[in-house]
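Just so you know, the sequences run in chain order A and B. Residues 1 to 142 (this note's numbering) are what the first sequence spells out, left to right. Residues 1 to 438 (this note's numbering) are what the second sequence spells out, left to right. Using N, Cα and C, we set each Cβ at its ideal position, and we do this for glycine too. As the structure is a prediction and not an experimental result, all values here were calculated from the model.
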Amino acid sequence: MTIHQLSVFIENKAGRLVKILNILKEGGIQIIASTVSDTVEYGLYRVICDKPSQAYRLLRDNSISVTMNDVFALQIDNTPGQAAQLFETFSKADINISYMYSFMLKGKGIIVFRTGDTDKAREVISLNKFHFISEENLSEVV
Amino acid sequence: MDNNSPYLHPQYETLSREEISCLQAERLQATVRHCMNVPFYQQKFKEMGITPDDIKTVDDVRKLPFTTKQDLRDTYPFGMVAVPMRDCVRLHSSSGTTGNPTVILHTKKDLDEWANQVARNLWMVGLRPDDVFQNSSGYGMFTGGLGFQYGAEKLGMLTVPAAAGNSLRQIKFMKDFGTTAVHAVPSYVTRLYEVMQEQGVDPRRDTKLRVLAIGAEPHSEEQRQRIEKMMGVKAYNSFGMSEMCGPGVGFECQEQNGLHFWEDYYIVEIVDPETLEPVPDGEIGELVLTTLCREAMPLLRYRTRDLTRVLGRSCPCGRNHVRLDRMRGRSDDMMVLRGVNIFPIQIEKILMQFPELASNYLITLTTDDDNDNMTVEVELAEMFTDDYARLQQLNKDITRALKDEILLTPHVKLVPRGTLPVSEGKAVRVVDKRKVYS
Chain A
1 MTIHQLSVFI ENKAGRLVKI LNILKEGGIQ IIASTVSDTV EYGLYRVICD KPSQAYRLLR
61 DNSISVTMND VFALQIDNTP GQAAQLFETF SKADINISYM YSFMLKGKGI IVFRTGDTDK
121 AREVISLNKF HFISEENLSE VV
Chain B
1 MDNNSPYLHP QYETLSREEI SCLQAERLQA TVRHCMNVPF YQQKFKEMGI TPDDIKTVDD
61 VRKLPFTTKQ DLRDTYPFGM VAVPMRDCVR LHSSSGTTGN PTVILHTKKD LDEWANQVAR
121 NLWMVGLRPD DVFQNSSGYG MFTGGLGFQY GAEKLGMLTV PAAAGNSLRQ IKFMKDFGTT
181 AVHAVPSYVT RLYEVMQEQG VDPRRDTKLR VLAIGAEPHS EEQRQRIEKM MGVKAYNSFG
241 MSEMCGPGVG FECQEQNGLH FWEDYYIVEI VDPETLEPVP DGEIGELVLT TLCREAMPLL
301 RYRTRDLTRV LGRSCPCGRN HVRLDRMRGR SDDMMVLRGV NIFPIQIEKI LMQFPELASN
361 YLITLTTDDD NDNMTVEVEL AEMFTDDYAR LQQLNKDITR ALKDEILLTP HVKLVPRGTL
421 PVSEGKAVRV VDKRKVYS
């Protein structure tokens, strides 16, 4: 029900992101979605890619501070109010969203997010029959 | 006391160089004999094959063993005391966060002599019994409180033991009590001025302030001049260290050209911190002090670790007591921030308690708006989360733990592994970018 996401700890300095991207490029890793969020001093670079385990090892071997974890990725229809409806369901179940971002996959909107309570989120997704994306779905794309 | 005399103790303050040497030789001989009551020195003398009879002139001080802060820790708490404990009336102690604290004891006479030194200093910068002296310095174990208190009372001023903090009250005291002199650490004077500005108080118009005594934390000449400009009065540099007694050891005269160190109380040496050989006047070395009037805890050739140089041995003020430059740094890795002594090992000890952190760290000291600030950069061992909240929580936890240890709030910055410079051999842990030593 979840997909792997890499989170890279990067300093807010020129060239840091390029270094990461080049390592991924040389390893033949295809980035599907990514986002950088930052505070004044450091940033978190979150990546969804086609070969997460391989990418994780690659970054670690290059002494990059990286962690791999599971996030939910739900597909929604391309009509207004879909995201609102989705998160309202989680909100009613008293589930907090730690962070979220979205991207398009085969013309469909995908919302990636992490919650405070993963087990409860799984339940809500099953009960409401939300359309979730799996690792297989991702590798089909590339 | 003759209010018109520039000297409180003319018989000592105006000694010629030759007279100073004679007095020092006499007092050194007595001190060395007195040290034989301390097993630590007995042992040292034995090891070096010397006896008190070998010490005849001031230059013979070089035959004597050095004493270090570590020696004071090793003999904690009362191992260096040269008199019966019942003769001791006061104890001052360092915070001791890096191991055993250093404890200094005083007899009644020691306290009296300490007060004499402080009184002499305050008289030297023009203060008289009519003055009102507000001591805005921490009391308790910190010697800047009681040291100035006793000295100011000895001189005969009305004293206001305001202690540090509560700026609004400090300003009210200054206005209501007609304070003419304030002693504080330089960063606190700056803080007081800021609060005065917020309150619409002009120190020139609304107070009778005419003299400031500043010390206990390193500050630049530029910073002193800024303070003088703000407050509209002269600010005199004070040097003290609890191992010698506290404030009083050295003080600027009205010429403001170096600190007079009182050679009737101390033998002043400047040595190369590596070879421990004396350096010529004008060259920077480590300040080494031998007490000449101490009863409870006489100290021979105490290595202060402060770096300075001799500016001269005469002065237009008529005092021939050696003039030393403001302290220019340390020969060990101790940092002095806002009057607090901090060793990098204290920081390291705390950081190592966090399994999330790697062992590489860097401390950077800066001066922002006349305030000393510390930034601690530390590498993450592993990326352990994809969640900001947890990174920030870690940051907060480290900051709090450091604050509990060093009593100041540093700015903590987490950095990825491998980003901090790794030097070969001894790692560079501290970068001091403060304007103090420029």
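Whole-Å CB distance - residue 266(B) paired with residue 244(B), under 8 Å assumed: 7 Å
Within-8 Å CB hit, residue 57(A) to chain B: no
Proximal residues, the region 397-414 of chain B versus chain A, C-beta separation under 8 Å: 413, 414
Three-state class that DSSP yields for residue 238(B) in the structure shown: strand
Assigned exposure category for residue 89(B) - 16 Cβ within 10 Å defines buried: exposed
Euclidean distance between Cα positions of residue 424(B) and residue 351(B): Confidence at residue 424(B) is low in this model, with a pLDDT of 49, below 50, so the placement of that residue is unreliable and no value is reported for it.
Three-way DSSP call (helix, strand, coil) for residue 437(B) in this model: In this prediction, residue 437(B) has a pLDDT of 49, which is less than 50 and means its spatial position is unreliable; what the coordinates show is noted afterwards. Note: residue 437(B) maps to helix in three-state DSSP.
Local conformation of residue 131(A) per DSSP, three classes: strand
Buried or exposed (CB count within 10 angstroms, at least 16 for buried), residue 415(B): buried
Exposure label - residue 124(B); buried when at least 16 CB within 10 Å: buried
Pick from 115(A), 13(A), 91(A) that is closest to residue 2(A), judged by C-alpha positions: 115(A)
Buried versus exposed, by CB contacts within 10 Å (16 or more), residue 264(B): buried
Candidates 21(A), 54(A), 83(A): closest to residue 108(A) by CA position: 83(A)
Cβ distance (whole Å) where residue 363(B) is taken to contact residue 345(B) below 8 Å: About 11 Å; that fails the 8 Å criterion.
Three-state class that DSSP yields for residue 360(B) in the structure shown: strand
Partner residues on chain B for residue 42(A), Cβ-Cβ distance less than 9 Å: 391, 413, 414, 415, 416
Interface partners of residue 9(A) on chain B, CB under 7 Å: 380, 383, 416
Interface partners of residue 386(B) on chain A, CB under 9 Å: 5, 6, 7, 44, 46, 67, 68, 69, 71, 98, 99, 114
Start and end residues, alpha helix (DSSP H) containing residue 82(A): 82-92
Same chain, Cβ closer than 7 Å to residue 201(B), five either side skipped, listed in chain order: 171
Euclidean distance between Cα positions of residue 113(B) and residue 254(B): 23 Å
Contact list for residue 419(B) against chain A, beta-carbon separation under 8 Å: 11
Exposure of residue 218(B), with buried meaning 16 or more beta-carbon neighbours within 10 Å: buried
Among 215(B), 257(B), 279(B), nearest to residue 316(B) - alpha-carbon criterion: 257(B)
Cβ pair residue 214(B), residue 190(B) closer than 8 Å: no
Helix, strand or coil at residue 100(A) [DSSP, three-state]: strand
Proximity of residue 420(B) and residue 379(B) at Cβ, strictly below 8 Å: yes
Whole-Å CB distance - residue 65(B) paired with residue 300(B), under 8 Å assumed: 6 Å
Neighbourhood of residue 35(B) by C-beta distance below 7 Å, restricted to the same chain and skipping five residues each side: 41, 82, 298, 300
Residues that DSSP places opposite residue 191(B) in a beta bridge: None, per the DSSP bridge assignment.
At least three beta-carbon pairs within less than 8 Å, the region 133-146 of chain B to the region 163-182 of chain B: yes
CA-to-CA distance, residue 410(B) to residue 143(A), given in whole angstroms: With chain A running from 1 to 142 in the structure shown, residue 143(A) is simply not present.
Proximal residues of chain B, C-beta to C-beta of residue 63(A) below 9 Å: 416, 417, 418
For residue 55(A) and residue 6(A), believed in contact at Cβ under 8 Å, the rounded distance: 6 Å
Which listed residue (43(B), 55(B), 61(B)) has its alpha carbon closest to that of residue 80(B): 43(B)
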